[in-house]
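The opening position of the sequence shown corresponds to residue 12 in the numbering used here, with each subsequent residue numbered one higher.
Note that CB positions come from ideal geometry on N, CA and C, so glycine has one too.
Have a look at the structure below before the remarks.
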Amino acid sequence: MTPLTVIHVNGPINSGKTTIGRALARVLPDARFIDGDDHDAPDDVPFDVQWAIALERLVTQIANARERHLVIAYPIGDAEFERLRAACDARDARLFVVTLAPPEAVAASDRGTRALTDWERKRIAEMYREGYAARVFSDCVIDTSKASADACAREIAPRLQ
12 MTPLTVIHVN GPINSGKTTI GRALARVLPD ARFIDGDDHD APDDVPFDVQ
62 WAIALERLVT QIANARERHL VIAYPIGDAE FERLRAACDA RDARLFVVTL
112 APPEAVAASD RGTRALTDWE RKRIAEMYRE GYAARVFSDC VIDTSKASAD
162 ACAREIAPRL Q
């Protein structure tokens, strides 16, 4: 089995997780991108249930990955980090966490073609208070307000060596 590196792109809503995660998967050899939001959980279930479904999907993807690099975009806290780390340990894979941390005002603004809802703006403020932009388990923290997604991916890629 190919040695696997799981790059988990963490951060608050609108920090650039999906866009930068996709860009990172393009610059890494033998890489696949997974958007944690594509979890198939019903929209009407509570967040903790959606997150549990998403997390189990990610754990399964880690267990079954055949690529050299698996890039995952999803906000995580300590419990989710521990679960992902255990999944990586179970298959002798490396876990590298990138936390995206633009200034809160930038994350709370409409960026690119994305127009935020009032709920998203409130959740962004909560996520900053809850520390999603400053996780202690991060291997690197990137301010995504200063560069394009491709430039951020090029900044992250050499840190994986």
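GLU78 and ARG43 do touch by the CB rule: their CB atoms are close to 5 angstroms apart, below 8 angstroms. CA-to-CA, the gap between PRO169 and CYS163 works out to about 11 angstroms.
With fewer than 16 other beta carbons inside 10 angstroms of its own, LYS157 counts as exposed.
In terms of CA proximity to TRP130, ILE24 leads the group HIS19, THR16 and ILE24. Under the DSSP assignment, ARG140 falls in the alpha helix (DSSP H) whose first and last residues are 129 to 140. For ILE83, the closest alpha carbon among the candidates ILE135, TYR139, THR30 and ALA144 is that of THR30. Excluding its 5 nearest sequence neighbours in each direction, LEU106 has C-beta neighbours in its own chain below 7 angstroms: VAL17, HIS19, LEU95, ARG96 and CYS99, listed in chain order.
ILE135 and ASN75 have their C-alpha atoms some 32 angstroms from each other. Every alpha helix (DSSP H) stretch that sits fully inside the segment 33 to 104 and reaches 4 residues is listed by chain position as 58 to 75 and 89 to 101. Per the Cβ contact rule, the segment 49 to 68 is not in contact with the segment 105 to 125 (fewer than 3 Cβ pairs under 8 angstroms).
Here LEU35 is not near ILE153, since their CB atoms are 7 angstroms or more apart. ILE24 carries a coil assignment under DSSP once its states are collapsed to helix, strand and coil. Contact between ARG146 and VAL117 does not hold, since their C-beta atoms are separated by about 18 angstroms, which reaches or exceeds 8 angstroms.
DSSP lists ILE18 as the beta-bridge partner residues of PHE107.
Per DSSP, VAL117 is one residue of the alpha helix (DSSP H) stretching across 115 to 118.
For VAL152, the enclosing beta strand (DSSP E) starts and ends at 151 to 153. ALA65 places its beta carbon 7 angstroms or farther from that of GLY88.
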